[in-house]
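Here's the structure, in structure tokens; my notes come after.
Protein chains: 2
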Amino acid sequence: MKFIHTADWHLGKLVHGIYMTEQQREVLLQFVNLVEEEKPDAVVIAGDLYDRSVPPTEAVELLDEILYKINVELKTPVVAISGNHDSAERLSFGTSWYRQSRLFIKGKLTNDFTPVHIEGVNFHLIPYAEPGIVRQLLQDDSVHSHHDAMKALIGEVEKHMDSSEPHVFVGHAFVLGGKTSDSERTLSVGGSGCVGSELFDPFHYTALGHLHSPDAIKHDKVKYSGSLLKYSFSEARQRKAVSIVEIDSNGSISVEERSLTPKQDMREIEGHLEELLDPGFFQAQKTDDFLKVILRDQGALIDPINKLRQVYPNVLHLERKMEQQDLRMREDYTTARDEKKSELELFEQFYNDMTTSDFTEEKRQIMVSVIEKAKREDGKK
Amino acid sequence: MKFIHTADWHLGKLVHGIYMTEQQREVLLQFVNLVEEEKPDAVVIAGDLYDRSVPPTEAVELLDEILYKINVELKTPVVAISGNHDSAERLSFGTSWYRQSRLFIKGKLTNDFTPVHIEGVNFHLIPYAEPGIVRQLLQDDSVHSHHDAMKALIGEVEKHMDSSEPHVFVGHAFVLGGKTSDSERTLSVGGSGCVGSELFDPFHYTALGHLHSPDAIKHDKVKYSGSLLKYSFSEARQRKAVSIVEIDSNGSISVEERSLTPKQDMREIEGHLEELLDPGFFQAQKTDDFLKVILRDQGALIDPINKLRQVYPNVLHLERKMEQQDLRMREDYTTARDEKKSELELFEQFYNDMTTSDFTEEKRQIMVSVIEKAKREDGKK
């Protein structure tokens, strides 16, 4: 039995003010092609189908389109759960009908722990839930942390497990050993958001969502597939893939990854403005990628973002990188203020910090007259 | 062939700050019972399933529950369209799956005018759409008004009509001859929102939604079912019902109405505060109904709303009714201002307008000292 594990589609995601819907559609169509080629027995989506509880209508239409292609056109069963970004209730709408064509969406956590059977494999669908919800649902006052909640839920799941069959757990959680990136909503305070990976020992494979990198955890059978796309610059160096999992009747597994490649990558470039605008540099690159630009220039720059966008239309973020020397100069400047330097001395310091030109005698004279004029005006008040 | 025509459920509706979800659920369960008894071949919902494009999750869960009972448990086909209150895109999600169990929801208007066939009858589902949308969809620049839009749409529908079969049109529009109430969103400016009922001549029955009264139009085969509940006090005297329509293979129809009766009615009561608070009056009434109270008292009243709510917990709106004499006194008061009466004269007039007591000499002396004190304080500034 073969299934594809994916997660964290985040449809409707805004990255630095840009809707990623078009990019998501492009990669999801690649994913549909992969399903067509691989002919898996199921597709598993481990939560965060949408980026928010009320996604934009374009995202709703995209999810409908993609699920239709996979489930109805390619007749591939789909199991999906809601993540912390989804609205459990809204994602639950219509699930009774979807089930008839083997589209199994578990939006809201309920007391029904019956697994979904596909080709001899049991899929245990546990949507994301806050510990308070789990405490109430299971009437178990000992549940305080996410770890407690998962432990209690898995206790319920185990009651429905036939040990002679293979079992796959589908969950959305921050499993210990994972690394976080900016685009994963911070859930853990003082470690209470973490779930120990040992809880998943009863399962032959655990298909996780929540962390966006397939390398977030090193474990032979508890795995994140990673997100559909890079959703923040902290993910710029992450691989983005889906996992093709083969599981035999004894529960032995083999996992193979397949990359997803959007037309536009999300990456960082770094250098002096002049270098980055040099055709010798940019002609070798995909200039329409989504970029974070780190400028090494130390002095003042006039409108660098617009200059950059002439060449790189999708600069989403610009940063300046201060060199060690520069940081020292900043300190000097701060110290200078403390020593009550004259206005002219302060300006000279500032000018030297911010530009690469000399503060000539001519410039000095101009500043002297400006400062005097400003002081006279101030005196009149 | 028999179907039940309903419309304007407005799930998630807030009436004077109160969510009607519980009342809606109660009446919808009555409706489900009616479906169970009548065993119709279809249920038709002519738009405004929800009250807004993003309904509260309770409303989403309620719609899911009710459609499940009707369509899956009672195995009754359902045809539904979106109204002006629904989000066409959000209501379209999942419709490809629903169709498999004969739940036909037409959320977004598309170029597909194929009717839904149920037991030999053709149902033509035309969701609510603004004229601009229709103009673009049909690439017909002559479409400006709702009437133009409906005419053009029906032109398309007629291309898919076999004249030997019975045809039912399902639409959501303000069809001429209808009366509006407060809770129907005003759409028409200068009559451009109205649609002439003659457009529906090609159909054996037209199941409309939008206007909330089953009496909104007097026509033998173009009909509003009316809304599920009374949704504003302007509907207090309306009947609320669903229509049971029988249609034979020649297209002959018979229509019978069935009332829906919520535990709590929405109605008006009118009288003097003292009368309304008299056990002899209120003991004969359902005091927990949703009420608009019209007070006939002419004088000042202390906290009438809270006094009323001791007896009638669900007073949603309170109005004072001015008698003819009172209106005249108001005019006198206005005139008085123009004539620059003294502060004391103005106050006396005001006191007489607002209370039923005499403005005694003692009261006059108090006001004289108050006015003098106020003037002294004003002079000090």
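Chains as they are written, first to last, in my numbering: chain A, -7 to 373; chain B, -7 to 373.
Each residue gets a CB set at the ideal place from its N, CA and C atoms; glycine is no exception.
Since the structure is predicted, the reported quantities are computational estimates derived from the model, not experimental observations.
- In the structure shown, the three-state DSSP call for LEU59(B) is helix.
- Taking the C-beta atoms as reference points, TRP1(A) is found no nearer than 9 angstroms to SER226(A).
- Assigned with DSSP and collapsed to three states, PHE351(A) falls in coil, not helix or strand.
- Inclusion of LEU145(A) and LEU101(A) in the CB contact set at 9 angstroms is warranted, their separation being smaller than that value.
- LEU283(A) is not a Cβ neighbour of ILE297(A), given a cutoff of 9 angstroms.
- The C-beta distance from ASN306(B) to GLN256(B) rounds to 7 angstroms, short enough to meet the 8 angstroms contact threshold.
- Of PHE273(A), ARG312(A) and GLN277(A), the smallest CA-CA separation from VAL285(A) is found for ARG312(A).
- Taking the Cα positions, GLN15(B) is about 20 angstroms away from ASP78(B).
- When only Cα atoms are considered, TYR120(A) and ASP207(A) end up about 21 angstroms apart.
- As summarised for the segment 215 to 242 of chain B, there are no continuous alpha helix (DSSP H) elements at least 4 residues long confined to that stretch.
- Counting only residues of its own chain and dropping the five nearest sequence neighbours on each side, VAL113(B) has a CB closer than 7 angstroms to the CB of MET(-7), PRO158, VAL160 and ILE239.
- If the five residues before and after GLU18(A) are omitted, its C-beta is found closer than 8 angstroms to the C-beta atoms of PRO254 and LYS255, all from its own chain and listed in chain order.
- Three or more beta-carbon pairs separated by less than 8 angstroms link the segment 48 to 68 of chain A to the segment 79 to 94 of chain B, which places the two stretches in contact.
- Apart from the 5 residues on each side of it in sequence, SER241(B) sits with its Cβ closer than 7 angstroms to the Cβ of GLY112 and PRO158 in its chain, given in chain order.
- With a 10 Å radius around the Cβ and a threshold of 16 neighbouring Cβ atoms, THR106(A) comes out exposed.
- The shortest CA-to-CA distance from HIS139(A) to any of PRO69(A), HIS152(A) and CYS186(A) is the one to CYS186(A).
- For the C-beta of GLN92(A), the chain B residues within less than 8 angstroms are, from N- to C-terminus, TRP89, GLN92 and SER93.
- Cβ-Cβ distances below 8 angstroms link SER45(B) to HIS77, ASP78, SER79 and ARG82 in the same chain, with the five nearest sequence neighbours on each side left out; the list follows chain order.
- DSSP, reduced to helix, strand and coil, places MET258(B) within a strand of the structure shown.
- In the DSSP secondary-structure assignment, TYR197(B) is bridged to VAL160(B).
- Closer than 9 angstroms to the CB of VAL52(B) there is at least one CB belonging to chain A.
- If you draw a straight line from the Cα of TYR304(B) to the Cα of LYS213(B), it is about 41 angstroms long.
- Membership of VAL46(B) in any beta strand (DSSP E) is not indicated, and neither H nor E is assigned to it by DSSP.
- In this chain, the beta strand (DSSP E) harbouring ILE118(A) covers 113 to 118.
- In the three-state DSSP reduction, ARG288(B) falls in the coil class, being neither helix nor strand.
- In chain order, HIS2, LEU3, GLY4, LYS5 and HIS77 place their CB closer than 7 angstroms to the CB of ASP43(A), counting only its own chain and leaving out the 5 sequence neighbours on each side.
- Shown here for SER235(A): same chain residues with a beta carbon closer than 6 angstroms to its own, the five before and five after excluded, namely HIS(-3), SER217, VAL247 and GLU249 in chain order.
- DSSP places GLY124(B) within a helical segment (H, G or I) once states are collapsed to three.
- In the pairwise beta carbon analysis, the segment 68 to 76 of chain B is classified as touching the segment 17 to 37 of chain B: at least three pairs are separated by under 8 angstroms.
- GLY243(A) is positioned such that its CB atom lies no closer than 9 angstroms to that of THR198(A).
- Shortest Cα-Cα distance from GLY75(B) to any of ASP193(B), GLY147(B), GLY39(B) and PHE273(B) involves GLY39(B).
- If you draw a straight line from the Cα of ILE118(A) to the Cα of LEU21(B), it is about 31 angstroms long.
- In the DSSP assignment, LYS98(A) falls within the beta strand (DSSP E) that extends over 95 to 98.
- For VAL71(A), the secondary structure class from DSSP, reduced to helix, strand or coil, is strand.
- Scanning chain B for C-beta atoms nearer than 9 angstroms to the C-beta of THR13(A) yields nothing, as the closest lies near 13 angstroms away.
- TYR11(A) sits in a strand when the DSSP states are folded into three classes.
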